[in-house]
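Undergrad: If you read the protein sequences in the order shown, they are chains A and B. With the first letter of the first sequence counted as 1, position 170 gets the number 169 in numbering that gives the first Met the number 0; the numbers rise by one all the way through. With the first letter of the second sequence counted as 1, position 50 gets the number 49 in numbering that gives the first Met the number 0; the numbers rise by one all the way through. Note that the Cβ used here is the ideal one computed from N, Cα and C, for glycine as well. These figures come from a predicted structure and were not determined experimentally.
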Amino acid sequence: MQEYEAEGLTAPRLAAMRRSLSDGRGALTRRSLLRASGAGAGVLGGLAALGACGIPPAKREDQGAAASDDHSDREKRVTFSNWTEYMDVGDDGQSRPTLRTFTERTGITVKYTEDINDNVEFFGKVKPQLAAGQDTGRDLIVVTDWLAARIIRLGWAQKLDPANLPHAFANLTAQFRAPDWDPGRAHSYPWSGIPTIIAYNARATGGRTVDSVTQLLDDPRLKGRVSFLSEMRDSVGMTLLDMGRDPASFTDADYDAAIARLQDGVDRKQIRRFTGNDYTADLSKGDIAACVAWAGDIVQLQADNPDIKYAIPAAGYVTATDNLLVPAKARHKTNAERLIDHYYEPPVAARLAAYINYVCPVDGVAAELAAIDPAMASNTLILPDARMTAKSHAFRSLEPDEETAYEEKFAALLGA
Amino acid sequence: MSATGGPPAPPAPAPPVRGRSVRKRLVPYWLLLPGVLWLLVFFALPMVYQASTSVQTGSLEEGFRVTWHLATYKDALADYYPQFLRSLLYAGTATLLCLLLGYPLAYLIAFKAGRWRNLVLVLVIAPFFTSFLIRTLAWKTILADGGAVVEALKALHVLDVTSGLGWTEGDRVLATPMAVVCGLTYNFLPFMVLPLYTSLDRIDPRLHEAAGDLYATAATTFRTVTLPLSMPGVVAGTLLTFIPASGDYVNAELLGSTDTKMVGSVIQSQFLRVLDYPTAAALSFILMAVVLLVVTVHIRRSGTEDLL
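#1: Taking 7 Å as the threshold (C-beta atoms), are alanine 335(A) and valine 77(A) in contact?
#2: Mark arginine 272(B) as exposed unless 16 or more other C-beta atoms lie within 10 angstroms of its C-beta, in which case mark it buried.
#3: Just reading off the beta strand (DSSP E) that asparagine 322(A) is part of, what are its end residues?
#4: So, does the CB of aspartate 253(A) fall closer than 7 Å to a CB anywhere in chain B?
#5: Could you list the residues in the region 247-272 of chain A with a C-beta less than 8 Å from some C-beta on chain B, going in chain order?
#6: When DSSP labels each residue in this structure, what does arginine 202(A) get in the three-state scheme?
#7: Distance cutoff 7 Å, beta carbons only. Does phenylalanine 63(B) sit that close to anything in chain A?
#8: Aspartate 203(B) to leucine 213(B), Cα distance in whole Å?
#9: My output table needs one value for tryptophan 166(B): the three-state DSSP class, helix, strand or coil.
#10: At least one CB of chain B closer than 7 Å to the CB of valine 88(A): is that the case?
#11: Run through chain A and tell me which residues come within less than 7 Å of glutamate 168(B), C-beta to C-beta.
#12: Roughly how many angstroms lie between the CA atoms of leucine 188(B) and proline 219(A), to the nearest whole one?
#13: Do you know offhand how far asparagine 200(A)'s Cα is from serine 211(A)'s?
#14: Could you give the first and the last residue of the continuous alpha helix (DSSP H) run that contains tyrosine 354(A)?
#15: Quick one: using the 10 Å Cβ neighbour count with 16 as the cut-off for buried, is isoleucine 133(B) buried or exposed?
#16: If you drop the 5 nearest sequence neighbours on each side, which residues of the same chain put their C-beta closer than 6 Å to that of alanine 251(B)?
#17: Just by C-beta distance, which residues in the region 173-199 of chain B are closer than 8 Å to chain A?
#18: Can you confirm whether glutamate 407(A), when its beta carbon is compared against all beta carbons of chain B, has any partner nearer than 7 Å?
#19: Check glutamine 214(A) in the structure and name its three-state DSSP category.
#20: So the candidates are Thr97(A), Ala411(A), Arg260(A) and Tyr357(A); which of them puts its Cα closest to the Cα of threonine 318(A)?
#21: What span of residues does the beta strand (DSSP E) with threonine 143(A) cover, start to end?
#22: How is valine 294(B) classed by DSSP in three states: helix, strand or coil?
#23: Which residues in chain B have a C-beta closer than 7 Å to the C-beta of valine 119(A)? List them in chain order.
#24: What residue from Phe273(A), Leu261(A) and Ala288(A) has the CA that sits closest to threonine 204(A)'s CA?
#25: May I ask which residues mark the beginning and end of the alpha helix (DSSP H) holding asparagine 276(A)?
#26: When DSSP builds the beta bridges, which residues end up paired with tryptophan 293(A)?
#27: Can you tell me the Cα-Cα spacing of phenylalanine 249(A) and leucine 158(B), whole angstroms?
#28: For the region 243-271 of chain B, which residues have a CB atom closer than 9 Å to at least one CB atom of chain A, in sequence order?
#29: What first and last residue would you give for the beta strand (DSSP E) that runs through valine 77(A)?
#30: Give a yes or no on whether 7 Å exceeds the smallest Cβ distance from aspartate 286(A) to chain B.
#31: Quick check on the DSSP output: the beta strand (DSSP E) that includes aspartate 114(A) runs from which residue to which?
#32: Drop a sphere of 10 angstroms on the beta-carbon of histidine 156(B), count the other beta-carbons inside from all chains shown, and report buried for 16 or more, exposed for fewer.
In structure tokens:
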């Protein structure tokens with residue numbers, strides 16, 4: 000590198016140094032390199048694209064493919080992936096009492112992670128591993144029913160062993176016993192039920208009640224202050240019910256009619272936005288006067304803001320479930336099943352329900368819940384009574400082609 | 000082969016010198032290797048993978064196979080050109096606003112801030128200490144219906160004008176194009192200010208004095224000395240703002256509505272929701288091509304090609 004030592008150079012060396020800056024290896028300038036590597040990447044890219052063989056079919060045909068070597072006996076642990084704010088927390092704000100009881104009782108330590116924020120994102124995250132038949136590192140996951148249905152359909156969930164689930168088998172409430180996507184609950188158990196209802200801010204509506212999707216879509220006084228959920232089944236399901244159709248058995252034409260009804264609301268600027276969880280802040284502030292909402296959020300909002308009211312439409316409402324699944328190739332299936340069963344013991348279930356405020360899928364928790372908080376035990380959004388249950392509808396499971404077509408239409412409604 | 004002893008050796012024989020010089024010639028490439036590897040793994044390979052995805056057809060259940068179905072590109076463009084145009088419009092407007100806000104700020108920091116310079120610079124970067132999402136959500140409070148900002152704009156009849164132009168909706172700003180552009184402008188402002196500052200800071204203040212000595216007015220000095228010398232900063236700043244802004248979807252999702260969705264939202268929705276990976280990949284490539292085109296024209300026109 001002596002060419003670069005500028006001091007005390009002889010004339011020929013200086014000349015060589017100048018030359019080296021303009022040609023020879025000095026010709027390796029940023030731009031020429033960029034050009035060369037651009038061309039190189041182009042050629043390489045073309046070749047590799049030719050060679051690329053695409054994405055293999057996601058479906059695993061052989062049922063045994065999902066099963067894994069169960070290390071539960073040797074490794075006393077289980078990895079549980081859940082949504083944020085979906086587990087009871089002790090008074091210290093750190094401990095998780097129901098998980099602690101599980102560990103005390105069984106000696107199985109739980110690695111609890113709140114790494115699920117969104118169904119579609121979570122699916123995108125675990126899809127490559129599950130499609131390749133690999134362990135995701137998770138023994139237990141919680142996903143909403145339509146995604147649970149897809150994961151089961153693709154053969155990515157393990158069949159549960161009823162012998163390890165005595166409480167779950169006995170205590171699962173009748174409403175959730177037979178979803179059309181997992182007959183007999185062979186692969187899944189509900190973590191909680193999620194009623195989709197209508198909520199409004201009484202201050203923003205001037206004290207008037209809002210109790211139907213028709214009112215959300217047509218009441219001129221709500222113009223521009225109505226939101227629906229960006230979860231397709233909730234928004235379309237509620238609209239279908241309002242139009243006198245059953246989300247459990249509707250046709251393509253019904254679906255299109257519901258989308259057209261919502262599109263009309265968008266075009267007339269009646270609907271302000273389609274939202275995820277972020278509607279709660281808008282509703283509390285009053286920027287949104289009325290909306291389609293998730294019941295558990297409303298129970299929590301009501302605790303802070305007395306203006307928040309809700310209504311169960313006369314036409315009925317949609318109840319979805321979040322479900323516990325053991326993903327394919329999970330290492331600790333038995334431990335995961337024991338954890339599921341733990342949450343189907345009424346005292347544990349009551350404690351969880353009192354914290355998360357969603358529908359408890361476990362029978363026989365009323366007394367336990369009343370002992371924690373009598374108001375909660377009488378809240379039909381947490382423990383639905385017969386009248387509430389009668390109005391509850393499930394959104395039917397969709398065929399793969401249907402799902403794609405419906406999601407595409409719904410995406411177009413959302414503007415993307 | 001070394002020349003030791005015997006008669007005085009001629010200058011070193013050719014082959015070893017050649018060998019040494021070949022090795023020497025390779026040095027820059029060896030030094031480049033880590034960077035090139037990094038680019039290959041984190042840039043080239045994903046690009047190739049996406050390029051391949053964009054010409055595949057199939058479904059999640061049956062898998063996707065390369066069928067060279069180039070019509071995906073045509074269909075994607077035909078279906079989603081409004082979102083493309085909107086992305087360019089919003090990103091362009093936000094970039095312009097960033098420049099209008101950022102230039103005086105950078106000028107102030109570079110020439111007038113004095114001992115406050117570091118403090119002001121830190122203040123410019125300070126928003127980065129919180130999450131992008133939180134910063135965007137904060138705008139929902141700032142622009143809330145009936146909030147101070149909206150009421151002030153209403154009192155000044157600004158909302159009448161913007162609503163006439165279709166930027167806002169009646170008495171509200173949230174869930175309108177204006178809210179999205181505000182969010183973009185705010186979130187990308189530091190990317191504009193920092194390159195501008197660096198390039199203004201490099202200007203020798205004596206040039207200003209010299210301009211003054213030659214009877215240039217402040218305006219002339221700015222036009223003929225400061226502005227041309229700060230052009231690299233302007234170009235770098237506009238690129239750093241425009242490129243990420245055109246692909247952004249957070250602002251459009253949180254502050255916008257159905258008719259303000261940008262192309263980022265479409266890609267996200269096609270990829271995650273509809274599971275139409277080829278369309279999502281094709282859209283990404285079209286976006287990349289469009290941005291590349293805009294950037295090339297921008298650089299050519301501003302005559303700062305050497306920045307690349």
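TA: Here's the rundown:
#1: yes
#2: buried
#3: 316-324
#4: no
#5: Val265, Lys268, Ile270, Arg271 and Arg272
#6: coil
#7: yes
#8: 16 Å
#9: coil
#10: no
#11: Gly223 and Lys268
#12: 39 Å
#13: 14 Å
#14: 345-355
#15: exposed
#16: Val179, Thr259, Lys260, Met261 and Ser264
#17: Leu173 and Ala174
#18: yes
#19: helix
#20: Tyr357(A)
#21: 139-143
#22: helix
#23: Leu271 and Arg272
#24: Ala288(A)
#25: Element bounds for asparagine 276(A): n/a, residue is neither H nor E.
#26: Thr195(A)
#27: 44 Å
#28: Tyr248, Ala251, Glu252, Leu253, Gly255, Ser256, Thr257, Asp258, Thr259, Lys260, Met261, Val262, Gly263, Ser264, Val265, Ile266, Gln267, Ser268, Gln269, Phe270 and Leu271
#29: 76-82
#30: yes
#31: 108-115
#32: exposed
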